[in-house]
Amino acid sequence: MSVDLEQIDLTKLIPNAIGHIAFDENKKIINCSGIGIERSKNLEEIDQLNDVEVVDNFAMIEQGPVKICIYKMEGKSIVVYSYSEN
């Protein structure tokens with residue numbers, strides 16, 4: 001089953017989401033929204049996100065109040081930013 005990432009706004013699907021970045025195995029940005037728009041311009045951040053080790057296609061890291069969920073599958077990465085629940 002193939003999903004067209006260019007047509008999805010994950011901030012509308014995931015509670016508390018404040019942005020997302022989707023990119024391919026060459027680190028080419030496919031789609032972004034919210035704070036992901038600004039963060040997608042930071043090539044160092046894209047490199048770091050691409051290098052995160054995942055378990056069962058998933059990883060989660062936190063940067064202060066922001067939770068970053070990383071999903072990787074079939075050469076594509078989707079990074080969703082959301083506020084941590086207090």
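Position one of the sequence shown corresponds to residue 1 (the UniProt record's numbering), numbered consecutively onward. In this text, a Cβ means the ideal position worked out from N, Cα and C, and glycines have one as well.
Whole-Å CB distance - residue i paired with residue j, under 8 Å assumed
{"i": "N16", "j": "Y83", "result": "5 Å"}
{"i": "K67", "j": "M73", "result": "Between M73 and K67 the Cβ distance is about 20 Å, and since that is not below 8 Å, they are no contact."}
Helix, strand or coil at residue i [DSSP, three-state]
{"i": "G34", "result": "strand"}
{"i": "E62", "result": "strand"}
{"i": "I46", "result": "helix"}
Under 7 Å between C-beta atoms of residue i and residue j
{"i": "G19", "j": "G36", "result": "yes"}
{"i": "I14", "j": "S40", "result": "no"}
From the options, residue whose alpha carbon lies closest to that of residue i
{"i": "N57", "options": "C32, C69 and I46", "result": "C69"}
**OP:** Taking 8 Å as the threshold, find out whether the region 44-56 comes into contact with the region 70-81 through three or more Cβ pairs.
**Re:** As far as the Cβ criterion goes, the region 44-56 touches the region 70-81, which means the pair count is three or higher.
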